[in-house]
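Taking it in order: structure first as structure tokens, then the write-up.
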Amino acid sequence: MRIVLVGPPGAGKGTQAVRLAEKLHIPHISTGDLFRANISQQTELGKLAKSYMDAGNLVPDEVTIAMAKDRMEQADAENGFLLDGFPRNVSQAEALDQLLQTEGITLDAVLDLEVPEDEVVKRIAGRRICRNDSSHVFHVSYNAPKQEGVCDVCGGELYQRDDDREETVRTRLEVYHTQTEPIIDYYKSQGLVVTISSLGPVAEITERALEALKREK
Ligand code: AP5
Ligand code: ZN
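Below is the structure:
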């Protein structure tokens, strides 16, 4: 399946993407994780991305689209993928459409994770991620690691993301409403949007998502 995951910061996109990608046997492609990997490897792209990310703004389309395109080519897009955090505005959605068109493929669904803003704030405040791989995501109380400060997956050190500070989170939410939400209407006009609630236990949301996606097939 070819799926795009959307939802506000802290909705649980990363948490669900890892689980869904495993169950559906498709690669998880997260532009946020790709940027964070570039930051930890101190690449030029990482340096550029960090200045935007720390302020809670979107990284410019040109570099983001090029990076996503590279990653999708590597992953053999025809065989399916789960995009997490991309596209994030209408021009990225148009670029993705173009890319898929040249490959002769289309999206199967856009899964929209709905969660109230006060819950988002609580989730982000308690989030801890792994130094080795930012797709290893925990929460100090909702999804606590077995040993405090240590990643269950790889034993790496857990830390709080630089862009999870309160004032940055406010900007990220604003950016979501003004720039990312419009892609939901864009995809609604293509009949692709499936909205589910992202409230409740993590495993239940995965089941909800799989059920909703089954109906889209
Ligand atoms: P990105 O990394 O994509 O961040 P985001 O979209 O803001 O989303 P988050 O990672 O904050 O949240 P999430 O929905 O994945 O939630 P999670 O699963 O972690 O992007 C970061 C930045 O990179 C952007 O601001 C931008 O600068 C740049 N960027 C990325 N893509 C870009 C693009 N396409 N164009 C331009 N710039 C781009 O869950 C959150 C917490 O809640 C965790 O602690 C988790 O354990 C917990 N949790 C999850 N599910 C539940 C549950 N059901 N119940 C209780 N707690 C839960
Ligand atoms: Zn880890």
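Be aware that the sequence shown starts at 4, since it is given in this note's numbering, and climbs by one per residue.
Built from N, CA and C at the ideal position, the CB exists for glycine as well.
What you are looking at is a predicted structure, and each value in this text was computed from that prediction instead of being measured.
What does DSSP give as the partner residues of Cys133 in its beta bridges? Leu161
Same chain, Cβ closer than 6 Å to Ser248, five either side skipped, listed in chain order: With the chain covering only 4 through 220, there is no way to say anything about residue 248.
In this structure, how does DSSP classify Ile187 when only helix, strand and coil are distinguished? helix
Who are the Cβ neighbours of Val62 in its own chain at under 6 Å, not counting the five residues just before and after it? Ala52, Tyr55
Just to confirm, does Asn135 get its C-beta within under 6 Å of one of the non-hydrogen atoms of ligand 2? yes
Closest by CA to Asn135, which one among Ala58, Val156, Lys16, Val118? Val156
Where His139 sits in the DSSP three-state scheme: coil
Mind checking whether the beta-carbon of Arg168 lies closer than 6 Å to any heavy atom of ligand 1? no
Do three or more CB pairs link the segment 172–179 to the segment 62–75 at distances below 8 Å? no
Anyone know if the C-beta pair for Val140 and Gly59 falls short of 7 Å? no
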